[in-house]
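Okay, structure first, notes after.
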Amino acid sequence: MTRTAKIVGLILVILAILYLLSTIFLAGRIDRSYNTVSVKAPYQHSDRALRLLDSIRFIADLHCDALLWDRNLLKEHNYGAVDIPRMLRGGMGLQAFTIVTKVPKGMNYTSNTGETDQLTLPFILAGRPMRSWFDLSQRTLVQCMALHDFARKSEGRFEVIETKADFKNYLSKRHANPNITAGFLGIEGLQALEADLENIDRFYQAGVRMMAPVHFFDTELGGSAHGVSKGGLTPFGKKAIRRMQELDILVDVAHASEAMIDDILRISQKPIINSHTGVQATCKSVRNLSDKHIRQIAAGGGLIGIGMFEGATCDDTPASTARAIKHVIDLVGADYVAFGSDFDGAVRTHTDVTGLKLYVDEMLQLGISEADIHKVMGENVKNFVLQNFPD
Ligand SMILES: [Zn+2]
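Residue numbers for the sequence shown follow this note's numbering, beginning at 179 and rising by one.
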């Protein structure tokens, strides 16, 4: 072997070792630095909250991004907010797992384009499957498979819910054994379709039951609240909404521009969701719902998940989430509001998944009735899934 060949060989070996090390350590480091909580576990409760907690049988949350980070959800972590052991300890009955596929560089709340992507390099360096490195529909499917894989390896502790029948079956099992938990799949941003409507059916086959047309930038479907156009639904977007609702995929207006929410409400044939939001009345932000939209979503039988992070509530305390919940209840009643934490969404959430019961204290302090607290904690999501998931 020539000297040059030896040097090239050595460089390749070093690169391979560096790549291997990055696949082992990088994902965890990124995950740990992006996903933090403002109040650390274990969480303390008042006596009154503890009494009520004993009677709460079902807790649900409409949004988390735990699948983005290549985290082994079967194991307990001392960072981030969600994994199956902590879901079990927190009494979580149903957690939405939402798939993110593209995050623009310099991401902000006011104006982004989809020209750049911060996720490509971490997907490569973390050793995620090669097909997901540059293709957003594959990046979606890889995350779907990951959740199914966790369910398969969970020894019956965790299930992925796809139909009303799955959910009823799970609820009756859980009645006998509360030490099981479940999730369902959603997508945040339909750039994941790669402009191909048939991908809606492919994602449905992979178990996706909720889709938000936009995330931080405009897509073929229409305008993001954080995009450039702030526009409504495009003709492609209208076709996509129609197909989603034919399949009983929940339409999620999180991150949508006001015009987009108006258009979706106008053409929707089914109740719609905002999976993680705040309300303008307690926190003015482009990502938060106006009273007009809260009323319209409720009038259509929809559901609003209130976020647990400063971007949605303008404050880093659980009390701010409770105030937004109280506003929705005062405006439209207690049947249309739930949790939509945004756990592990590259934000600092108020608590991790074991801390949801802390919100019981905060809601009691605001004078929300015990019956209404049950609805917010999980009963509303339970009923919504029983009514709106595919048969
Ligand atoms: Zn989001």
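Ideal Cβ positions, reconstructed from N, Cα and C, are used throughout, including at glycine.
Own chain residues within Cβ distance below 6 Å of residue 448, not counting five before or after: 423
Using a Cβ-based criterion (distance less than 8 Å to any ligand heavy atom), does residue 366 qualify as near ligand 1? yes
Decide if residue 185 is buried, meaning its Cβ has at least 16 other Cβ atoms within 10 Å, or exposed. exposed
Just to confirm, does residue 432 get its C-beta within under 8 Å of one of the non-hydrogen atoms of ligand 1? yes
In whole angstroms, what is the alpha-carbon distance linking residue 444 and residue 331? 43 Å
Does the beta carbon of residue 255 fall short of 8 Å from some heavy atom of ligand 1? no
The segment 261 to 274 / the segment 243 to 251 touching (three or more Cβ pairs under 8 Å): yes
So within the segment 280 to 355, which uninterrupted alpha helix (DSSP H) runs reach at least 4 residues, ignoring any that extend past its ends? 298 to 303, 314 to 331, 342 to 354
Report whether the distance from the Cβ of residue 528 to the nearest heavy atom of ligand 1 is below 8 Å. no
Reduced DSSP category for residue 430 - H, G, I as helix; E, B as strand; rest coil: strand
Which residue wins for smallest C-alpha separation from residue 541, given the options 392, 357, 497? 497
Is the beta carbon of residue 415 closer than 9 Å to that of residue 407? no
Out of curiosity, what's the CA-to-CA distance linking residue 502 and residue 494? 13 Å
How big is the Cα-Cα spacing for residue 409 and residue 438? 6 Å
Nearest-angstrom Cα distance between residue 237 and residue 554? 8 Å
What span of residues does the beta strand (DSSP E) with residue 454 cover, start to end? 451 to 455
Nearest to residue 538 by alpha carbon, out of 230, 203, 199? 230
Taking a contact to mean a Cβ-Cβ separation below 9 Å, would you say residue 533 touches residue 239 in this structure? no
Just to check my reading of the structure: residue 274 and residue 569 have Cβ atoms closer than 8 Å, yes? What is that Cβ distance to the nearest angstrom? That pair is no contact at about 20 Å.
From 380, 552, 446, pick the residue whose C-alpha is nearest to that of residue 475; which is it? 446
At the level of alpha carbons, what is the spacing between residue 222 and residue 355? 25 Å
Stretch pair the segment 383 to 399 + the segment 360 to 372: three plus CB contacts closer than 8 Å: yes
In chain order, what residues of the same chain lie with their CB nearer than 6 Å to the CB of residue 499, ignoring the 5 residues before and after it? 484, 486, 491
6 Å Cβ shell around residue 371 - same chain, five flanking residues per side excluded: 377
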